[in-house]
Amino acid sequence: MKALIQRVSRASVSVAGEEVGKIGQGLAVLLGVADGDSEKDADYLIPKIIGLRIFTDPDGKFNLSLEDVHGELLFVSQFTLMADARKGRRPSFTDAAPPALAEKLFNYAVNLARQSGANVATGRFQQHMLVEIHNDGPVTIMLNSRDKLG
1 MKALIQRVSR ASVSVAGEEV GKIGQGLAVL LGVADGDSEK DADYLIPKII GLRIFTDPDG
61 KFNLSLEDVH GELLFVSQFT LMADARKGRR PSFTDAAPPA LAEKLFNYAV NLARQSGANV
121 ATGRFQQHML VEIHNDGPVT IMLNSRDKLG
């Protein structure tokens, strides 16, 4: 499972001209599910995302987490994070989970994030979305559950 995390001043997602999710200050999380992922991958990633100290304290240092700043979360399913573009010019998505598994694990991750108490908004799974992200910094971090230690 991969998460591309962006610290945002605000973010929103629309489907067919309808805004379906919107947050203020917080994190926009583009989440991709790989074939072979399980709930354990989300169990690793979600607390890590919520606990990342990527918000600045009064001295301008990265010392504050989403919880510390009472930030919000916007999750958008993003199978293209699983792209393999090493060969040729057309990316391969064979590493992406089948849609049924991806949706199940995406929803599991979102529900886990909601348990943190943060306001959580989402896009719509397997829909063409227009995502508006106001990256603050810019700050962008990639996490991969397969990189976990131990």
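Position 62 of the sequence shown, counted from 1, bears residue number 62 in the numbering used here, the numbering being contiguous throughout. Beta carbons are placed, not taken as given, at the ideal position from N, Cα and C, and that holds for glycine.
Can you check DSSP and say which residues form a bridge with K2? Paired residue(s): G32, N144.
Is the stretch 36-55 touching the stretch 102-116, taking contact as three or more C-beta pairs under 8 Å? yes
Backbone CA spacing between E67 and A97 [nearest angstrom]: E67 and A97 have their C-alpha atoms some 30 Å from each other.
Nearest CA to the CA of V76: which residue from S12, I54, G137, P91? Ranking S12, I54, G137, P91 by Cα distance to V76 puts S12 first.
Count the other C-beta atoms from every protein chain shown that fall within 10 angstroms of the C-beta of M142, then say buried if there are 16 or more, exposed otherwise. Taking every protein chain shown into account, the CB of M142 has fewer than 16 other CB atoms within 10 angstroms, so this residue is exposed.
Going by C-alpha distance, which of L64, G60, P58, E39 is nearest G51? In terms of Cα proximity to G51, the closest of L64, G60, P58, E39 is L64.
Please specify which runs of the alpha helix (DSSP H), each continuous and at least 4 residues long, are wholly inside the stretch 25-106, giving them in chain order. 39-51
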